[in-house]
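Using my numbering, read the sequence shown as starting at 264 and increasing by one per residue.
Ideal Cβ positions, reconstructed from N, Cα and C, are used throughout, including at glycine.
This structure is a prediction, so every number in the text was calculated from the model and none was measured.
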Amino acid sequence: MEESSGSGIGGIIVLIVYLAIAVLFIYSFWKIFEKAGKPGWAAIIPFYNLYVLLEVVGRPGWWLLLYFIPCVNLVVAILVAIDLAKSFGKTAGYAILFIFAVGYPILAFSDAKYAGPAAKSA
Numbered sequence: 264m265e266e267s268s269g270s271g272i273g274g275i276i277v278l279i280v281y282l283a284i285a286v287l288f289i290y291s292f293w294k295i296f297e298k299a300g301k302p303g304w305a306a307i308i309p310f311y312n313l314y315v316l317l318e319v320v321g322r323p324g325w326w327l328l329l330y331f332i333p334c335v336n337l338v339v340a341i342l343v344a345i346d347l348a349k350s351f352g353k354t355a356g357y358a359i360l361f362i363f364a365v366g367y368p369i370l371a372f373s374d375a376k377y378a379g380p381a382a383k384s385a
């Protein structure tokens, strides 16, 4: 019986860590959107947040559909990460930080300024 109570505590710890990470990323996207002149609350709306991200980087809205195609979504995510880095005056190499997810909080809490959409709208 004691064994199961220990796993319950472990589950609660995992849940707390997961929620803390989720809040960090929501807040990071909120700040990034605000820096780009978009509404910060868009970060909490599923799918709409991707649409707003596409607007920030200058990609057409229909690219949202590409996120639903297996393998293609990985390529799109990488291209959007590169465009996001360039939109804030960073190099394409900075996009590697986005791929490993640490770039979003760094960008949000840095003094990086939005320079405009890096990609040309189609």
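Query                                                                           : Result
Within 8 Å, strictly: CB atoms of V338 and A381                                 : no
G273 burial status per 10 Å Cβ neighbour count (16 or more: buried)             : exposed
Assigned exposure category for S291 - 16 Cβ within 10 Å defines buried          : buried
Supposed contact pair L317 and V343 - C-beta distance, whole angstroms, cut 8 Å : 7 Å
Segment limits, alpha helix (DSSP H) that includes S350                         : V335 to S350
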